Amino acid sequence: MKLPSSMNHGTALLWKRRALSSLSTTRRGLPKPKMSDNGTTSRGKVLTIDNMNPTVKKVEYAVRGPIVQRAVELEKELSEGMKKPFAEVIKANIGDAQAMGQQPITFFRQVLALCSYPELLSDSMFPEDAKSRACRILNSCGGNSMGAYSASQGIDSVRQDVARFIERRDGGVPCDPDNVYLTTGASDGIVTMLKLLVCGEGATRTGVMISIPQYPLYSAALAELGAVQINYYLNEEKCWSLDIGELQRSLDEARLHCNPRALCIINPGNPTGQVQSRECIEDVIRFAAKERLFLMADEVYQDNVYAEGCQFHSFKKVLFEMGPEYSETVELASFHSTSKCYMGECGFRGGYMEIINMDNDVKDQLTKLLSVRLCSPVPGQALMDLVVNPPQPGEPSYERFIKERTATLSALAEKARLTEQVLNTVEGIRCNPVQGAMYSFPRITIPEKAIQEAKKLGQQPDMFYCMKMLEETGICLVPGSGFGQREGTYHFRMTILPPTDKLKILLNNVKEFHQRFTQQYS
Amino acid sequence: MSQQAVNGVPCRGKVLTVENMNPNVKRVEYAVRGPIVQRAVQIEKELREGVKKPFTEVIKANIGDAQAMGQRPITFFRQVLALCSYPELLEDNKFPEDAKQRARRILDACGGHSIGAYSASQGIECIRQDVACYIERRDGGIPSNPDNIYLSTGASDAIVTILKLLVCGEGRDRTGVMISIPQYPLYSAALADLAAVQINYYLDEDNCWSLNVAELKRALNEAKQHCKPRVLCIINPGNPTGQVQSRQCIEDVIRFAKEEHLFLMADEVYQDNVYAEGCKFHSFKKVLFEMGPEYSSTVEMASFHSTSKCYMGECGFRGGYMEVINMDPEVKAQLTKLVSVRLCPPVPGQALLDLVVNPPQPDEPSYTSFMKERTAVLAALAEKARLTEEIFNTVPGITCNPVQGAMYTFPRITLPPKAIDKAKAEGKVPDMFYCMKLLEEEGICLVPGSGFGQKDGTFHFRFASLVMLILQKYSHSLNFSPFCLITTNFSAFHGFFFLFFCFTS
Chain A
1 MKLPSSMNHG TALLWKRRAL SSLSTTRRGL PKPKMSDNGT TSRGKVLTID NMNPTVKKVE
61 YAVRGPIVQR AVELEKELSE GMKKPFAEVI KANIGDAQAM GQQPITFFRQ VLALCSYPEL
121 LSDSMFPEDA KSRACRILNS CGGNSMGAYS ASQGIDSVRQ DVARFIERRD GGVPCDPDNV
181 YLTTGASDGI VTMLKLLVCG EGATRTGVMI SIPQYPLYSA ALAELGAVQI NYYLNEEKCW
241 SLDIGELQRS LDEARLHCNP RALCIINPGN PTGQVQSREC IEDVIRFAAK ERLFLMADEV
301 YQDNVYAEGC QFHSFKKVLF EMGPEYSETV ELASFHSTSK CYMGECGFRG GYMEIINMDN
361 DVKDQLTKLL SVRLCSPVPG QALMDLVVNP PQPGEPSYER FIKERTATLS ALAEKARLTE
421 QVLNTVEGIR CNPVQGAMYS FPRITIPEKA IQEAKKLGQQ PDMFYCMKML EETGICLVPG
481 SGFGQREGTY HFRMTILPPT DKLKILLNNV KEFHQRFTQQ YS
Chain B
1 MSQQAVNGVP CRGKVLTVEN MNPNVKRVEY AVRGPIVQRA VQIEKELREG VKKPFTEVIK
61 ANIGDAQAMG QRPITFFRQV LALCSYPELL EDNKFPEDAK QRARRILDAC GGHSIGAYSA
121 SQGIECIRQD VACYIERRDG GIPSNPDNIY LSTGASDAIV TILKLLVCGE GRDRTGVMIS
181 IPQYPLYSAA LADLAAVQIN YYLDEDNCWS LNVAELKRAL NEAKQHCKPR VLCIINPGNP
241 TGQVQSRQCI EDVIRFAKEE HLFLMADEVY QDNVYAEGCK FHSFKKVLFE MGPEYSSTVE
301 MASFHSTSKC YMGECGFRGG YMEVINMDPE VKAQLTKLVS VRLCPPVPGQ ALLDLVVNPP
361 QPDEPSYTSF MKERTAVLAA LAEKARLTEE IFNTVPGITC NPVQGAMYTF PRITLPPKAI
421 DKAKAEGKVP DMFYCMKLLE EEGICLVPGS GFGQKDGTFH FRFASLVMLI LQKYSHSLNF
481 SPFCLITTNF SAFHGFFFLF FCFTS
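Top to bottom, those sequences are chains A and B.
For the first sequence, full-length UniProt numbering gives the first residue as 1, with consecutive numbering after it.
For the second sequence, full-length UniProt numbering gives the first residue as 1, with consecutive numbering after it.
Right, dumping it as structure tokens:
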């Protein structure tokens, strides 16, 4: 916008005032003038932090946030020979099992090698069941190759296998392969479902209920989509359980300023590790039906249940056991992936979602939307197939598979117990039982002095705590503020994934750090 | 929304309906996998169930899916992927040493030495370094910084991410994005999804689909009336139009982008697919840097590449990268944060990309067989491109520009007015009507030109010339040249279509 040269001083002032008043109302302001000096344009960048997508700026994802960036720097410094009070950085920030030394399931990797390089099908070192799985997968690929695009919804035969897996898991409750969509990890499925749900402006904008603490994928996706985040708090005093009274409170409050349409549940919980009781799931379903909410059940930790008396119940199964009044009406999407459980194959980005009672026209829209990204990675689809259709009794790989699977799951159970036990010996740290998933989310007491110190630095107190722990011990955790927590409480998330020996040392270092920190700031 | 309850039973519709879903998603269209392809899948199913059709197999010429069309993967790439998937094979002596060495290098760069671990969100560091070296080699030594490389889930992922960063403003301030018409519909779909303003600039069909800066200027000036143009997207070699941009034209585009203060997005996934004599691929990056610091230190650009096209055709692995140039550091930090939410691109795809940018070298054991396979694929593709153009141009009522590059022809078809009327009566776009008939009668699945955009009153279809590989396969068994097969089918169909709609009432 240039001032016309004919404009006199008075009009120019008027113009300026008008421009300034519009600036204050819109805050979007004036376009930067394009000044020309000697013919060279002196302009800033096309894309700057001030004129980029504002919803992207609001996105936060603590699991890979500043702490992790600093951890990567520290690793580099160590490798360059810099002296630190520790010899290695231990990344306990992310549920990345194989990075922590967990071995992949042999059978899965054999089949993937066969699919990658089918010449190996004539190699006698591979068991017959691995070969037959590989042939089945390749036969359902275009040109018998994993290098071809698949259907956007995923390879037919893999979706059929997923459907059969769900039926077996849910005691025979039927599953239609047409309702199964293969995804790029569970994250992709979750973001896609949220995207479908978002509409309206102002007070009619879609609101989505998420637990606090939550897995920050949810808050990040909602920020990006410009949806309204509705927080319901898990009850830390009752082992992070979900309370319907609290759901109702948060929903009623939210109805004043948005249109709540979806309720997200993570079970087993991330970062909180609780496993929902059947009773609680029923209550949630009744609540969703009564309040007309679309249910999203994130069940990626379904095999990670450790505590005695706890059992995984899928939302789908409970929904169908509640009878047609619910099973024919409540809209549900549930998510699973290859990244967690006993597989820990995060890098392959395999996953699926099952949708229940979705409107047929919306389903067409979903299929169309997914077609734009062509297909989820085919090696991840192949891996998903193996997870839902593992070696069966009588097949040559069965024993080894079960042995590997059991070893991983029992090691995780042992580490869950160990983590809770050791952390609870530390004064100022209180940890709920890790009933499931892969994390502990202990509450920490931070001395007032440290809180003041953090505020001076413009940091959240638990960020300050975690950053200090990283610098002093090389342990990389995620502060509770990255997941959300009740005001005035502080936590951190720590994975239980390091090998037992290492975990013991790590827990001991956490203990010593906490004692040191408490002393320093008291 | 009223929650009426009759006799205690709530009688309500769904929570999520097509009326109350995200309106942007509804506007998304992606013809490459649209209604024609859905019908093709149905027909395939009907054929399997024994329904009689005038053909025995559906020929899918709708998508650039090389391996689905019978193209063989590069042996070396797949050997390394097998080794990475199941490292026990590193002990196996039937794998060449260079494959093992590549696999070890990739595994060493993975967390826990496993491709099952998440990678850094931006991609595995040593692979980003290899990509940077590749770009430097390709561009005659112009430096590339691995920090500017982001690995992605195919090129699509990266394109959508950059567009996402750029979208802001409301009403007349809303970001406008210039895309070519015809375009690859990922762009229009992403813009619909992001509610950005699509600004069409038309390629010049009469000049072999070339890009004309005056047309860019026209489109930009018109768009400035109702939105804020900030981005210019170029696909080179062109999809669906197959043109290869001259160096001169690229310079003009860069000058235009600088003058008009536009962010450049260069989709270069077909960079190895250049067939026509006298044509050569020039990367936007290289031309930008050769234009001197006035341009190379100011023009903001992102360029995209993937493992899905060229001689590899490894679509299923969803490997890709983008390089960002002159991006504001704060925006770059936002980009890194944004991609961290999806954790990382698939690691097997990253590994594959590493092999593409760091293939066997002349002194390595796999070099000869790699070169042989690579050359054979590219030569076959060049032959298909030539053949397709030639065939279409023999059919009356079809005219086809030379396929200089990429994997498609986009011939123009003449449709009789009656066919156009009939289509309109059925509520169909005329070339959709044509393609649907072609599918039903000949079993050939194409994408109508309307899915890519075209000048009003002209009609086209996109034909993936890869399909010729499959036709060749048939021709051996039928003792029938692919040339004859496709000419006969097309001529007959097109001729009949034409006559039918000219002389019936």
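The beta carbon of each residue, even a glycine, is placed where N, CA and C say it ideally should be.
Predicted model only: the values in this text are computed from it and were never measured.
Asked, Found
"Spatial distance of K317(A) from L387(B) (CA atoms)", "57 Å"
"Cβ of M209(A) within 8 Å of any chain B Cβ", "no"
"The alpha helix (DSSP H) enclosing L387(B), as first and last residue numbers", "367-394"
"Chain A contact residues for E189(B), given Cβ-Cβ distances below 7 Å", "For the record, residue 189(B) in the displayed sequence is Ala; it is not Glu. Neighbours of A189(B) on chain A, chain order: V372."
"Pair within 8 Å by beta-carbon distance, P182(B) and G449(B)", "yes"
"Beta-carbon neighbours of residue 527(A), restricted to chain B and to distances below 7 Å", "The first residue shown for chain A is 1 and the last is 522, placing residue 527(A) beyond what the model contains."
"Sequence ranges, alpha helix (DSSP H) only - wholly within the region 89-113 of chain B, length at least 4", "97-108"
"Cβ-Cβ distance between R430(A) and R417(A) below 8 Å", "no"
"Assigned secondary structure, K91(A) (DSSP; H/G/I helix, E/B strand, else coil)", "strand"
"Secondary structure of Q452(A), DSSP reduced to three states", "helix"
"Simplified DSSP assignment, three categories, for S219(A)", "helix"
"Contact list for the region 322-344 of chain B against chain A, Cβ threshold 8 Å", "N326, M327, D328, E330, V331, Q334, K337, L338, S340, V341, R342, L343, C344"
"Beta carbon of L470(A) nearer than 8 Å to that of F464(A)", "no"
"Amino acids of chain A, ordered along the chain, whose beta-carbon sits closer than 7 Å to that of L89(B)", "A113"
"Proximity to L295(A) [Cα-Cα], best of C141(A), D176(A), E282(A), V305(A)", "E282(A)"
"6 Å Cβ shell around Q515(A) - same chain, five flanking residues per side excluded", "none"
"Interface flag, Q214(A) vs chain B, CB-CB below 8 Å", "no"
"Host beta strand (DSSP E) of F459(B) (start-end)", "459-464"
"Partner residues on chain B for F294(A), Cβ-Cβ distance less than 8 Å", "V15, L16"
"Beta carbon proximity, Q365(A) to chain B, threshold 8 Å", "yes"
"Beta-ladder partner(s) of S303(B), from DSSP", "A266(B), E323(B)"
"CB contact below 8 Å: D65(B) versus chain A", "yes"
"Min CB distance V347(B) to chain A below 8 Å", "yes"
"Cutoff 8 Å: K424(B) Cβ touching any chain A Cβ", "no"
"Close-in-space but distant-in-sequence residues of the same chain around F126(A) (CB under 7 Å, 5 per side omitted)", "Q110, L114, L120"
"CB contact below 8 Å: D252(A) versus chain B", "no"
"Cβ distance (whole Å) where Y321(B) is taken to contact S152(B) below 8 Å", "6 Å"
"M7(A) in three-state terms, based on DSSP", "Because the pLDDT at M7(A) is just 41, under 50, the model does not fix this residue reliably, and the point stays unresolved."
"Spatial distance of V478(A) from N235(A) (CA atoms)", "20 Å"
"Within 7 Å of chain B by C-beta, residues of the region 42-62 of chain A in sequence order", "R43, K45, V46, L47, T48, I49, N51, M52, N53, P54, V56, K57, V59, Y61"
"Within 7 Å of chain A by C-beta, residues of the region 287-321 of chain B in sequence order", "E300, G313, E314, C315, G316, F317, R318"
"Three CB pairs or more closer than 8 Å across the region 121-134 of chain B and the region 325-341 of chain B", "yes"
"Reference A99(B); option with closest CA among G111(B), G116(B), L81(B), Q225(B)", "L81(B)"
"M301(B) versus F263(B) - alpha carbon distance", "6 Å"
"Close-in-space but distant-in-sequence residues of the same chain around A109(B) (CB under 8 Å, 5 per side omitted)", "I124, E125, C126, I127"
"Cutoff 8 Å: Y149(A) Cβ touching any chain B Cβ", "yes"
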